[in-house]
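Chemist:
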Amino acid sequence: MPGIPAKRATLGDIATTGYATLNGGTTGGMGGQIVEVDTLDAYVAAVGDDNPWIVVITGPITASAQVSVGSNKSIIRKIKDAKLTGIGTHILQKSNVIVRNLIISKVLSANGDGIWIQESTNVWVDHCEIFNDRSRTQQRLL
């Protein structure tokens, strides 16, 4: 897909090793529609249900929010400047979710963690940068 750096994973990749291969594997939104998002409202609408979707973040999204992700989702960053700032991503009691190439930063404690996974199965987080350094502009990988 144009815009994704060559060293990053692609939309069609699936988990081939580790826990993500258990229970039939982790395919995310494979087989579902591809939807591009660049606003908080579009992001919330795309990830909120359990229908299969490949959600491609195409621009920076900045807000103070916690977003709940449904099952059968692939959430992928498309371009270098696409990132989530101030938005916590919560995966609770869901399955078959892929989160790839995301940059998530500056999430306030009221909005959870950058990525918060609880009581879920077949969740694969790959090639993501998650940091929270509100006093400096330097990025730090956690």
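1 is the number of the first residue of the sequence shown in full-length UniProt numbering; add one for each residue after it.
Don't be surprised by glycine CBs; every beta carbon is placed ideally from N, CA and C.
Just so you know, these numbers come straight off a predicted model, no measurement behind them.
Rounded to whole angstroms, what's the CA-CA distance from residue 30 to residue 116? Just pull it up for me.
Modeler: Counting from 1 along the sequence shown, the entry for residue 30 is found at position 30. Counting from 1 along the sequence shown, the entry for residue 116 is found at position 116. If I take the Cα positions, the gap works out to 22 angstroms.
Chemist: Residue 73: buried (16+ other C-beta within 10 angstroms of its C-beta) or exposed?
Modeler: Counting from one through the sequence shown, the residue named residue 73 turns up at place 73. By the neighbour-count rule (16 or more Cβ atoms within 10 Å), residue 73 is buried.
Chemist: Can you tell me whether DSSP reads residue 62 as helix, strand or coil?
Modeler: Taking the first residue of the sequence shown as 1, we reach residue 62 at position 62. Here residue 62 sits in strand by DSSP.
Chemist: State the beta-bridge partners of residue 126 as determined by DSSP.
Modeler: Translated into positions along the sequence shown, residue 126 becomes position 126. Residue 126 pairs with 100.
Chemist: Excluding sequence positions up to five away, which residues of its chain have a Cβ less than 6 angstroms from the Cβ of residue 81?
Modeler: Residue numbering aside, residue 81 sits at position 81 when the sequence shown is read from its first letter. Result list for residue 81: 60, in chain order.
Chemist: Within the chosen definition, does the stretch 18–29 reach the stretch 63–77 through at least 3 CB pairs nearer than 8 angstroms?
Modeler: In short, these stretches touch, since the Cβ pair count reaches three.
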